[in-house]
């Protein structure tokens, strides 16, 4: 067990736990406002203080974790669900038109400035967590498609694939039985990394007001709303910021740790 | 005093010993052959001499290279010696050169590091060195990049680098293993010549007894990090004492017992088969270009027969194999197994495929690491329309046939050695009781002793189940020992065909003659 | 080499064509009537129509697309609905902020990343390596807008070393202009540098494991010599890719940072234009950015071929 | 923790900050940038904020207290039937391009504004004008189709300023007016600069140069002021910072009132809001003070009707809709919504709306009304809410002065259609007598309050943050303007 794996696992676990617990319990109700108690510094009553509506920041961070994690997970899910089959197909039919189309399509998506697209999507369909998910998810598709294609191409040259063909198996079946199981490690590793990127992206989007809508708490919006106040109430900006930083850090470390643990052979550049 | 003297050298990597008390000596102008199978520590010995051991390795003992105590010298001093006093040639010419530097620059570098000379002069001397390695500038300008050269040519560049400064000692670690037999012969003669010309000591490391036997003045046989036997060559072959070296010698030229009835009726018929590949389009509007890998090949295999197919890399034998297996459609001619086409109506003919299977070269690449052996072995059942009942029994049976046990079905492939894996591969081939088994370089990656065992197994199975073999290999000596008839393939064509014995004793085609001449011979006992 | 370039050029053109369609359709479905936005609460229907006519908002989708593309080919990006000035001019102005900012940030990140990555790789496992990797981990994880906020608080509000934002304008002189871009550039560069350093390191480690490094050592090169003469240039290829990606990201992805520092750059222009439904501006700028990305990637590919002779033949 | 260090550091910084030396130029920041510079063809208040009375002048104009005073028209006579107004123009007035301003220009401007194809956003202002004629170079006669008590008021609007036919062509980029400042330069997306007009007909401006900087983002605004990048921030967008600035010797804070009635607009045609009981329940469910404190950090005056408190005719009706959740629940029950209902709450960008929205949502939740909050850009808001009338509730500040008339427009976005009120409004428009107008206005205020047409929240206050040395700024904003003509630096 490498150091980074442990630290990463712990950090990530903490926030996932916080998110889960927030479903059943939070120190305070994050929807109930308490204007008289606004902008309180951290104290015994409010461990991380209160925001400009007197809401308990600790509770909001817990629920915020829920939002970020949910958005990121679904976004990565979309990326995998669509990206992996595309990558497998491209590799199975390499050199053909299909392959060409898929890869060019990927390049095209990559060519679009992601944040702008996110903004445009929300401009069309209105700002909401769902649209944030879509916006982030779209850009996960090519990531996985490329990853899988690359890995699959090298797997297709293996003799055991040839053996499977000799045993009369078709491309689809081989992709499923031989290729996919052998790229899962890669997927797990890349998955965690995209997950952390997703959290960062969600924070960015909700920071510019395109993420989850109020009153649902979200880390990015907590930062945005506290911006004008953090010069005299630093805790408003410090804690949500740290929450993002630590979660992303945790996931990245976890990703690296998994990479080394699962497969020493692929010490590849992360991005 | 001798040029190189290694005295009870111990090397351990992260604590695990890899060399145990290795001692050997090499005089100037002498050729020392170091023989051993994988894991014998022969390469580690070489690296130890250059002090290029991998990280975490520690060496004890004594290495004296023309007076220098290699273990005592500091890094700077060592850099001064490497390439200057001692040069080294590695096994894999394809990766041993920096892909983005010209061969000229890379050879010249050796000179410029050790001597303060102008770039111009260094290049001039690099040109000489290359010429000595039979890469004259007229045909191979210094401005060439590695990827523009063949494997043999690259190996020559590597050698040129090593001998550019006429070092006292040249270490060649499996310099020809990755090369075709004819190229191998050329490289070996080259090395020999250079050694003689410069009165240079040459340490030739190889797994192949024959290769060394041809060249060496003295021989060292290693096994599991120890020297088991050494002596003058060829005399030593007469008086081998250590059982391992005896076994090794025997295995190197092993002839398995084969008894089996060969019928007249052909099992596989290949009728002037043509196979084309589409090349990347020339330019944007250039039409699709084709490369013809197999040019109208015809041959038959009789039932119960073992047919050899020899040829050097790129001669088209792998392509032909895939065509025979019905993996790819052919552009001309037809392939009949038991009278039925393997490939009919755009799609492989499953009914026919059941009658043949294949064993590949690489024991490590031919199994899905995530599957249990049982599932791997059973994969060919997919060819049957209805998987047979008693699947488990069938798997166990197949495994036992190849000398493994039924329990092994529950294990994963990484728990097995190379030889065992090849047995599993054979089990996989046997499980649906095919008539034809295609052995595609099936034993090429194995150490000689293991190879011998596998060859015996194949022979035994052949007799017991009346199997027919198509034995594809670049290794002529093996083909000679295990086939009844053989085909010689060159550039997509069959240039010679006949009973193995005749082909080897009385080759008719020039190419065949070359091939056979190039095969290194063991001294007859 | 030529064939290689030609091939890439063709696919470049194709992607551009497709991209333009995607963008246009996308932007056209954005709800919201620019005219209504411009005339506001008490506007009357006839006035709105008059304005729409002026803006050429009435007309079929295809007509408008062809006009748009045709215009761009002639270098005419149309006229902004809200500002009523040629879009090309607006882009021109904003470009003089976004482009220098991107270059500035990229230079910073490269200047940080290369030494860090090389150093870490050359001393793998050492304290240096651990530290560099640690910092890059932080750099990758920190949300750059948050980082920006912290920097403003420290350097602008408290220390007053830099102005909190805005752009001095090049007419104010090179120094001041650069100064006003410094904090944003740092905010952008930090995460990029971290990524780049990591790539540099792992790519170097990969090449250091190659056979030809061993060959070089056998020639008598020291570790350091082998690294500089043989490993580095080979390791550059993946690094180039990232630099390419980062440049295009910096051109467009600076939106948030441009907002934090209220720099009137391209990203912010789009952001405002979408809010104002100034569709023609949105279309053109996004198209421009996409164009930039695609061209940069193309250049990167060509750069590969320059670094790696193998690619020159492999068309 | 490091932040504490920052805090002390900044405290020090504030102490050592020296007073600004007298300067002849000033940088004034505001949130919104004008789309273009023609006040007569767009609603964007930003245009007036930059140009009103600085570059462009009308016949009449607003004084800082909201009263109407002579502008380019030195004096006027109103016929007894109230149908003809005769304006005497100031002498020797010339536009910045040197062309002289005379009656013809006035006729041109007004006719242009009320023409068929006019793009004037406030066309209604000129609805009652039948004819404009230039009697002589310095006399203009305006004839009305019907008496209009608010004509002088209407003519003071930024949309009614006098422009010249010679320069109308490029007005959007290079505005040419008669004001004390001339337009100098516009760096789009960043700033607009004005220069003193040396040959101004009236009292010349004290400053040589005024730079209007556009900073939309509140954080950036805060940073800009704190870092003293700007001398004045008019309409400072983050009230939460006001206490900080008040505590900071470097700055003065001017909190002025505006014409902005901030209301919880209610879609009167959409069930259940078509039921007056439900609307009443809304009104009682809202705690105005909490909103003023939470959203505006104490800035702003609670209002009980759609009328500016600082206006002499204002009636305080806040008691009518006092905060009383229990009563609200009761009313809902009566209306048959005992267990509440769900509706939409669509919020435009300004913080009063976004923050106020969250607070109101929480308050309505208390009485069982669930709200789905959607944050909209202005363009979307205009599309969906204002034009499409696709909303349940929204929050917006109506900054047009004396705009109670909008309640007489049944097609207006909150769709209040009441014959009685419309009658009152027609009467008001025809009425010129001050006393009678007051009486009417009183009735109208009570009427809409009694019908609980909208939730009346508070009168928007604009904090203006300025360097300590700045003098002569308008305190209140009777119209959206930053009149810089009287501004100067104290020694």
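Protein chains in written order, with the working numbering: chain P, 778 to 1048; chain S, 22 to 546; chain D, 2 to 316; chain V, 24 to 514.
C-beta: ideal position from N, C-alpha, C; glycine also.
Per-residue DSSP class, three states only, for residue i
i              : result
residue 170(S) : coil
residue 85(V)  : strand
residue 401(V) : helix
residue 22(D)  : helix
residue 329(S) : strand
residue 185(V) : coil
residue 899(P) : helix
residue 282(V) : strand
residue 479(V) : strand
Pairwise C-alpha distance: residue j and residue i
i              : j              : result
residue 304(S) : residue 310(S) : Caution is warranted here: a pLDDT of 49 is assigned to residue 304(S), below 50, making its placement in the model unreliable, and the coordinate value is therefore given only provisionally. The straight-line gap from Cα to Cα measures roughly 11 Å.
residue 315(V) : residue 832(P) : 17 Å
residue 24(V)  : residue 328(V) : The pLDDT assigned to residue 24(V) is 35, lower than 50, so where the model puts this residue is not dependable; a value taken from the coordinates is nonetheless given after this. Cα to Cα, the separation comes out at about 48 Å.
residue 234(V) : residue 502(V) : 20 Å
residue 258(D) : residue 933(P) : 44 Å
residue 289(D) : residue 34(D)  : 23 Å
residue 435(S) : residue 96(D)  : 58 Å
residue 162(S) : residue 125(S) : 8 Å
residue 149(S) : residue 198(S) : 26 Å
residue 351(S) : residue 262(S) : 54 Å
residue 164(S) : residue 123(S) : 5 Å
Buried or exposed (CB count within 10 angstroms, at least 16 for buried), residue i
i               : result
residue 320(V)  : buried
residue 282(S)  : exposed
residue 171(D)  : exposed
residue 550(S)  : Because chain S spans 22 through 546 in this model, residue 550(S) falls outside it and cannot be assessed.
residue 992(P)  : buried
residue 822(P)  : exposed
residue 1036(P) : buried
residue 175(D)  : exposed
Sequence-distant residues of the same chain with beta carbon closer than 7 Å to residue i, five excluded per side
i              : result
residue 130(D) : 121 and 124
residue 190(V) : 118, 120 and 199
residue 202(D) : 118, 121 and 122
residue 337(V) : 330 and 331
residue 283(D) : 28, 271, 274 and 275
Rounded distance between the beta-carbons of residue j and residue i, thought under 8 Å
i              : j              : result
residue 81(D)  : residue 190(D) : Contact flag wrong, Cβ pair sits at about 31 Å.
residue 112(S) : residue 219(S) : Going by Cβ atoms, the distance from residue 112(S) to residue 219(S) rounds to 22 Å, so no, they are not a contact pair.
Sequence-distant residues of its chain with Cβ nearer than 8 Å to residue i (five each side left out)
i              : result
residue 292(S) : 319, 354, 355, 356 and 357
residue 397(V) : 367, 368, 369 and 370
residue 152(D) : 184, 187 and 188
Contact list for residue i against chain A, beta-carbon separation under 7 Å
i              : result
residue 939(P) : The structure shown contains no chain A; the protein chains it does contain are P, S, D and V.
Contacts around residue i, its chain only, beta-carbon distance under 6 Å, and the 5 residues preceding and following it disregarded
i              : result
residue 464(S) : 472 and 475
residue 352(V) : 390
residue 146(S) : 132
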